[in-house]
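Colleague: Residue numbers for the sequence shown, in mature numbering (1 follows the signal peptide of the UniProt record, and there is no 0): -24 to -1, 1 to 97.
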Amino acid sequence: MRPVLITSVLLAALAPLTAPPAHAAAAVPPGHVYFWAEPGQMGPGGAWDYAPPGYKEAAPRVKRHAYSFDSHAPGTVYAISFQGGGACLYRAIRPDDYSDNWSWATKFDGVSDTTMGCEAG
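#1: For residue 97, which residues of its own chain have a beta-carbon under 8 Å away from its beta-carbon, when the five flanking residues on both sides are left out?
#2: Leaving out five residues before and five after residue 51 in sequence, what residues of the same chain have Cβ atoms less than 6 Å from its Cβ?
#3: For the beta strand (DSSP E) containing residue 70, list its first residue and its last residue.
#4: Where does the unbroken beta strand (DSSP E) through residue 98 begin, and where does it stop?
#5: DSSP three-state label for residue 92, please.
#6: Starting from residue 59, trace the beta strand (DSSP E) in both directions and tell me its first and last residue.
#7: Suppose you measure from the CA of residue 16 to the CA of residue 77; what does that come to, to the nearest Å?
#8: In whole angstroms, what separates the C-alpha of residue 43 from that of residue 27?
#9: When you compare only the Cα positions, how much space is there between residue 94 and residue 9?
#10: According to DSSP, is residue 63 helix, strand or coil?
#11: How long is the line joining the alpha carbons of residue 75 and residue 45, rounded to whole angstroms?
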């Protein structure tokens, strides 16, 4: 009986060392790009998902507030920022590109599989 108790106590003590962290980001499936509202691939509502083709307007929780992203898209996609007066900027996001503290966070309006005629920014 005593060896079983000792084994149980040891397993319980080691469990926190082997369990994945509770804040670990969701695995991004092939063909998708995830954006999060906070650095470190975290934020309320979880990840916002884009999968090519076409343009997709960002959800309110990440629009102008996408502080991290992870891309597993098959090709380059483009973060789009509308500047007013018909002007827009794009930022290329290549396959397997990611940022845990994205400098474009406050510019992000949506994402497309083309530059949509925008200027590099």
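Glycine is no exception: its CB is placed at the ideal position from the N, C-alpha and C atoms.
Modeller: Well, looking at it:
#1: Reading the sequence shown from its first residue, position 121 is the one you call residue 97. These residues qualify, in order along the chain: 57, 65, 66, 67 and 83.
#2: By one-based count along the sequence shown, residue 51 stands at place 75. Closer than 6 Å at Cβ, skipping near neighbours: no residue.
#3: If you number the sequence shown from 1, residue 70 lands on position 94. Counting along the chain, residue 70 falls outside any beta strand (DSSP E), and DSSP gives it neither H nor E.
#4: With the chain represented from -24 up to 97, any question about residue 98 goes unanswered, as that position is not in the structure.
#5: For the purposes of this step, residue 92 is taken as the residue at position 116 of the sequence shown. In the structure shown, residue 92 sits in coil (DSSP, three-state: anything other than H, G, I, E or B).
#6: One-based indexing of the sequence shown puts residue 59 at position 83. From DSSP, the beta strand (DSSP E) with residue 59 extends over 53 to 60.
#7: Start at 1 with the first residue of the sequence shown, and residue 16 comes out as number 40. Start at 1 with the first residue of the sequence shown, and residue 77 comes out as number 101. Roughly 7 Å between the two C-alpha positions.
#8: Here the question's residue 43 lines up with position 67 in the sequence shown. Here the question's residue 27 lines up with position 51 in the sequence shown. Rounded to whole angstroms, residue 43 to residue 27 spans 19 Å at the Cα level.
#9: Numbered from 1 along the sequence shown, position 118 holds the residue referred to as residue 94. Numbered from 1 along the sequence shown, position 33 holds the residue referred to as residue 9. Taking the straight line joining both Cα atoms gives about 20 Å.
#10: Indexing the sequence shown from 1 puts residue 63 at position 87. The answer is strand: DSSP assigns residue 63 an E or B state.
#11: The residue given as residue 75 occupies position 99 in the sequence shown. The residue given as residue 45 occupies position 69 in the sequence shown. Between residue 75 and residue 45, the C-alpha separation is close to 5 Å.
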